[in-house]
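Please read the structure below before turning to the comments.
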Amino acid sequence: MHAPDLARRRLMLASLALPTLPLLPGCAAPLPVSMSPATTPAARALLGESAAAHGLAALAQLNDVNLRYVGEWRPLIGKLQPALADPGFRGGSEERLLLREGLVAQAHSGPSGRKQVLRRPGTAPGSQGDVRAWFNGEEARDDERRQAAALVVDGYSLFLLGPMLLAQRWSAERSMVMELAGIERVNEHECDVLRVRLAPGFGFAASEQLALFIDRKERLMRRVRFTLDGLASTAGAIAEVETFDHVTLHGVRWPTRFYERLLRPLPLPVHDWRLTGLDVNRGLDAADVSGPAFTGKALAPATVLP
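Heads up, the sequence shown is in my numbering, so the first residue is 113 and it goes up one at a time.
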C-alpha cells in the first residue's frame with residue numbers, strides 16, 4: 113500500500129473510534145469544485161473591498177511585523193497528522209514577517225524543544241519558493257518535514273492577513289482565479305463567499321482551492337476554507353479556520369483569535385490559538401532571521417497586546 117493510501121486508511125480507521133459528531137456548521141460551500149476559467153469582475157471587486165477594510169494601505173507602509181502566538185491542539189490531530197500538527201514543537205511561536213522581502217520566519221517551542229522555520233518566496237511568478245527548518249538546531253533534510261513547515265507558514269500568513277495577502281503579494285507571485293459563491297452565515301455574520309483557485313497552493317502544492325467568507329457589514333474575513341494538498345498525507349483533506357476578536361493597530365485590522373476544524377475526511381476540532389503579541393518596524397533584515405535561531409533585532413519577544 114502506498115504511503116498516502118496508508119495515511120488515509122489510518123484517518124478513516126481513527127474516525128471509527130470517534131463518537132458520532134453532528135455535521136459542522138457552514139458546509140454549504142464545498143471544495144474542491146469546478147470553477148470559472150477567469151476571475152469575474154464582482155469577485156475582484158469584493159477582494160479589493162475586503163483588503164481595504166483590513167487595512168491594506170497601512171500594511172503596505174510597514175517594513176516588518178513581529179508576532180507571538182499561543183495555542184492548544186486537540187489530542188487526536190497529533191496522532192492523525194503528526195508532521196503537520198507537530199504538537200511536540202508547535203506549542204507557542206514567535207514569528208517575523210519581512211513584508212517587502214516576502215520572508216517569514218517562525219520560532220516554535222513545545223515539550224520536544226525548539227523548531228525554527230524560514231520561508232522564502234520564489235524568484236519568479238509561479239515559483240513555490242524555498243523553506244528551511246531546524247529541530248533543536250539540526251536542519252531537516254527530509255521532504256515531509258520541510259513540506260509541512262512550508263504549508264504551515266503559508267497557511268498562517270493567510271489566516272492573519274487574509275484578503276490583504278491575496279490582493280498584494282500572492283496576486284503577484286501566484287496565479288489566481290476568483291468567483292463569487294453565494295451568501296452564508298458565519299456565527300452572527302452574513303458573509304459573501306469568495307472562491308479562489310490558487311497556483312501554486314500552500315507550501316509545495318501545485319494548486320489549492322479556498323473559500324473566503326467575507327462579512328457584508330465590515331468586509332472582514334470571518335472564515336477561510338481550504339484544501340490541503342501540500343502533503344501526501346493530507347491530499348484530499350478539507351479544513352477551515354475562523355477568525356475572531358479583531359483589533360486595530362498601526363492602521364490594520366488584526367484577528368487575535370483563531371479556531372481550526374477539519375471537515376474532510378472526518379469532522380474534527382483541530383486547533384485553538386491566539387495572537388498575544390505584536391509590534392512593527394524594528395528594521396529587521398534577512399540576516400536577523402536566516403539561521404537556526406533569531407538574532408539581532410529579531411531576538412526580542414513581540415510586544416504583548418493590551
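For every residue, glycine included, the Cβ atom is placed at its ideal position computed from N, Cα and C. The structure displayed is predicted, hence computed values, not measured ones.
ask   = Can you round the beta-carbon distance between Arg307 and Met288 to whole angstroms, since I take them to be within the 8 Å contact cut?
value = The Cβ separation is near 11 Å, so there is no contact.
task = Could you say if the segment 296-303 and the segment 323-331 meet the contact criterion of at least three C-beta pairs nearer than 8 Å?
result = They touch, by the three-pair rule.
query = Tell me which same chain residues have a C-beta within less than 8 Å of the C-beta of Ser221, skipping the five on either side of it?
reply = Excluding residues within five positions, the ones whose Cβ falls inside 8 Å are Phe201, Gly203, Gly204, Ser205 and Lys227.
message = On the CB-based measure, 16 or more other CB atoms within 10 Å of its CB, does Ile295 come out buried or exposed?
response = Flag for Ile295 reads exposed.
request  = Find out if the Cβ-Cβ distance for the pair Pro418, Gly389 is shorter than 8 Å.
outcome  = Taking 8 Å as the Cβ cut-off, Pro418 and Gly389 do not qualify as a contacting pair.
query = So what's Ala351 in DSSP terms, helix, strand or just coil?
reply = Reduced to three states, the DSSP call for Ala351 is strand.
key: Segment contact, 8 Å Cβ cut-off, at least three pairs: the segment 388-407 with the segment 333-342   = In short, these stretches do not touch, since the Cβ pair count stays below three.
inquiry  = For a test of the three-state rule: what should DSSP assign to Lys191, helix, strand or coil?
reply    = Looking at Lys191 - three-state DSSP - the assignment turns out to be helix.
key: Beta bridge counterpart(s) of Met290 as assigned by DSSP   = Met290 pairs with Val308.
ask   = Where Glu354 and Pro187 are concerned, what is the direct C-alpha to C-alpha distance, given to the nearest angstrom?
value = When rounded, the distance between both Cα atoms is 20 Å.
ask   = Would you call the CB atoms of Ala163 and Pro275 closer than 8 Å?
value = Closer than 8 Å, so yes.
CA-to-CA distance, Glu372 to Arg121, given in whole angstroms = Its pLDDT being 40, under 50, Arg121 is placed unreliably by the model, and nothing is read from it.
request  = Report back the beta-carbon spacing between Val401 and Ala410 to the nearest angstrom; my notes put them in contact at under 8 Å.
outcome  = Rounded to the nearest angstrom, the Cβ distance from Val401 to Ala410 is 5 Å, consistent with a contact under 8 Å.
query = Between the C-alpha atoms of Leu135 and Tyr181, what's the straight-line distance to the nearest angstrom?
reply = Low confidence applies here, because Leu135 scores a pLDDT of 38, under 50, leaving its location unreliable and the question unanswered by this model.
query = Closest to Lys191 by CA distance: which of Leu380, Ala399, Ala405 and Gly403 is it?
reply = Comparing Cα positions, the closest option is Leu380.
request  = Note down, in chain order, each residue of its chain lying with its Cβ closer than 8 Å to the Cβ of Ser319, except the 5 sequence neighbours on either side.
outcome  = Spatial neighbours of Ser319 in its own chain (CB-CB distance under 8 Å, excluding positions within 5 residues in sequence) are listed in chain order as Arg309, Leu310, Ala311, Pro312, Gly313 and Asp341.
query = If you follow the beta strand (DSSP E) that Arg226 is part of, which residue opens it and which one closes it?
reply = For Arg226, the enclosing beta strand (DSSP E) stretches over residues Gly225 to Arg232.
request  = Name, in chain order, the residues that DSSP records as bridge partners for Gly389.
outcome  = Answer is Arg180 and Val416.
message = Does Phe201 come out as helix, strand or coil in the three-state DSSP assignment?
response = Note: Phe201 maps to coil in three-state DSSP.
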